[in-house]
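Enquirer: Chains A and B, in that order, are what the protein sequence lines are.
Be aware that the first sequence starts at 1, since it is given in this note's numbering, and climbs by one per residue.
Be aware that the second sequence starts at 1001, since it is given in this note's numbering, and climbs by one per residue.
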Amino acid sequence: DAGITQSPRHKVTETGTPVTLRCHQTENHRYMYWYRQDPGHGLRLIHYSYGVKDTDKGEVSDGYSVSRSKTEDFLLTLESATSSQTSVYFCAIRGEPSGNTIYFGEGSWLTVV
Amino acid sequence: GESVGLHLPTLSVQEGDNSIINCAYSNSASDYFIWYKQESGKGPQFIIDIRSNMDKRQGQRVTVLLNKTVKHLSLQIAATQPGDSAVYFCAEKADYKLSFGAGTTVTVRA
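Okay, here's the thing in structure tokens:
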């Protein structure tokens, strides 16, 4: 499972509320990613991090922010959740030593009502 | 739009038969390709990968073929088992990012 833990695994929240999803890894990987998965769209990159305090946007970053204050934790925040952000969110890490393969966590199911 | 896509959204296979799942990609700069399996309620699971300088790679019961001339990738599963029922994604890597297609749902018939 590449040592990735996502929390919470399931959450229901109301429109307009802030939500933070946490990704925790135990293997000191430099690269971490947040994807969302929706029917008909596959997996789409939201944000990624290439080190502590080093982050960048992916293809669907609007409405999301991230933070990485330490190697093991990568946080995804929805500042003001909307119904369009109802999705399954996957954290991923870039495996070593080749650095090519990306391994995924088990997902966080978020419903915005 | 997405740069990676699968030819068929669904595939039904008789148990014991071989499965072939196809994928087309469009980014000539992609240097690495991966197949993932995703079971219901779980995250994508790495199956097998192949570099762009290879045309075939074999794993346990799985083979990935890469045809760069026509930008085509396939996953072959030998002797398909009920546990192979899942959604299969191909992904292409260019620089640091992976791009995914929508996936093929494989159903194994007993």
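No residue lacks a Cβ here, since even glycine has one placed at the ideal position from N, Cα and C.
Below 8 angstroms between beta carbons: does that hold for Tyr-48(A) and Tyr-31(A)?
Expert: Locating residue 48(A) in the first sequence gives position 48, counting from the first residue. Locating residue 31(A) in the first sequence gives position 31, counting from the first residue. Cβ distance < 8 angstroms, so Tyr-48(A) and Tyr-31(A) count as in contact.
Enquirer: Starting from Asp-1049(B), follow the beta strand (DSSP E) in both directions and report where the run begins and ends.
Expert: Position 49 of the second sequence, counted from the first residue, corresponds to residue 1049(B). Asp-1049(B) -> beta strand (DSSP E) spans 1045-1051.
Enquirer: Given a limit of 9 angstroms on CB to CB distance, which residues of the segment 1091-1104 of chain B reach chain A?
Expert: The residues in question are Ala-1091, Lys-1093, Tyr-1096, Lys-1097, Leu-1098, Ser-1099, Phe-1100, Gly-1101, Ala-1102 and Gly-1103.
Enquirer: Do you know how far the Cα of Thr-5(A) is from the Cα of Ala-1029(B)?
Expert: The residue given as residue 1029(B) occupies position 29 in the second sequence. The residue given as residue 5(A) occupies position 5 in the first sequence. The straight-line gap from Cα to Cα measures roughly 32 angstroms.
Enquirer: Beta-carbon separation of Thr-77(A) and Arg-68(A) under 8 angstroms?
Expert: Locating residue 77(A) in the first sequence gives position 77, counting from the first residue. Locating residue 68(A) in the first sequence gives position 68, counting from the first residue. Taking 8 angstroms as the Cβ cut-off, Thr-77(A) and Arg-68(A) do not qualify as a contacting pair.
Enquirer: Check whether the Cβ of Thr-86(A) lies closer than 8 angstroms to any Cβ atom in chain B.
Expert: Here residue 86(A) refers to the residue found at position 86 of the first sequence. Judged by the 8 angstroms Cβ criterion, Thr-86(A) is not in contact with chain B.
Enquirer: Would a C-beta distance cut-off of 8 angstroms place Gly-105(A) and Ala-1102(B) closer than the cut-off?
Expert: Position 105 of the first sequence, counted from the first residue, corresponds to residue 105(A). Position 102 of the second sequence, counted from the first residue, corresponds to residue 1102(B). No, they are not a contact pair.
Enquirer: Mind checking the segment 1037-1061 of chain B against chain A and listing, in chain order, the residues whose C-beta falls within less than 7 angstroms of any C-beta there?
Expert: For the segment 1037-1061 of chain B, which is checked against every Cβ of chain A, the residues closer than 7 angstroms are Lys-1042, Gly-1043, Pro-1044, Phe-1046 and Asp-1049.
Enquirer: On a CA-only basis, which of Tyr-103(A), Ser-83(A), Glu-96(A) and Asn-100(A) is nearest Thr-17(A)? Give me that one, please.
Expert: Here residue 17(A) corresponds to residue number 17 of the first sequence, with the count starting at 1. Selected option, being the one with the closest Cα: Ser-83(A).
Enquirer: Quick one: what's got a C-beta closer than 6 angstroms to Gln-25(A)'s C-beta in the same chain, skipping five residues either side?
Expert: Start at 1 with the first residue of the first sequence, and residue 25(A) comes out as number 25. For Gln-25(A), where only same-chain residues beyond five positions count, the Cβ hits under 6 angstroms are Gly-3, Ile-4, Glu-72 and Ile-93.
Enquirer: Assign Pro-1044(B) to buried or exposed, taking buried as 16 or more other Cβ atoms, counted over all protein chains shown, within 10 Å of its Cβ.
Expert: Here residue 1044(B) refers to the residue found at position 44 when the second sequence is read from its first residue. Result: buried.
Enquirer: Looking only at its own chain, which residues have a Cβ that is under 8 angstroms from the Cβ of Tyr-50(A), when we skip the five neighbours before and after it?
Expert: Here residue 50(A) refers to the residue found at position 50 of the first sequence. Excluding positions up to five away in sequence, the list reads Arg-30, Tyr-31 and Asp-56.
Enquirer: Using beta carbons (cut-off 8 angstroms, strictly below), is Asn-28(A) in contact with chain B?
Expert: Taking the first residue of the first sequence as 1, we reach residue 28(A) at position 28. Answer no: the Cβ-Cβ gap between Asn-28(A) and chain B never drops below 8 angstroms.
Enquirer: Beta-carbon within less than 8 angstroms of Glu-1002(B)'s beta-carbon, same chain only, minus the 5 sequence neighbours each way: which residues are those?
Expert: Your numbering for residue 1002(B) matches position 2 in the second sequence. Confidence at Glu-1002(B) is low in this model, with a pLDDT of 33, below 50, so the placement of that residue is unreliable and no value is reported for it.
Enquirer: So what's Gly-1083(B) in DSSP terms, helix, strand or just coil?
Expert: The sequence position of residue 1083(B) within the second sequence is 83, counting from 1. Gly-1083(B) falls in the helix class under three-state DSSP.
Enquirer: Met-32(A) bridges to which residues according to DSSP?
Expert: Indexing the first sequence from 1 puts residue 32(A) at position 32. Answer is Ser-49(A) and Ile-93(A).
Enquirer: Within this structure, are the beta carbons of Phe-90(A) and Tyr-35(A) separated by less than 8 angstroms?
Expert: Position 90 of the first sequence, counted from the first residue, corresponds to residue 90(A). Position 35 of the first sequence, counted from the first residue, corresponds to residue 35(A). In this structure, Tyr-35(A) lies closer than 8 angstroms to Phe-90(A) by Cβ.
Enquirer: Taking 8 angstroms as the CB-CB cut-off, is Gly-1001(B) touching chain A?
Expert: Here residue 1001(B) refers to the residue found at position 1 of the second sequence. Because Gly-1001(B) carries a pLDDT of 29, less than 50, the predicted location of this residue cannot be relied on, and no value is offered for it.
Enquirer: At what residues does the beta strand (DSSP E) containing Arg-1109(B) begin and finish?
Expert: Walking along the second sequence from the start, residue 1109(B) turns up at place 109. Where Arg-1109(B) is concerned, the enclosing beta strand (DSSP E) stretches over 1104-1109.
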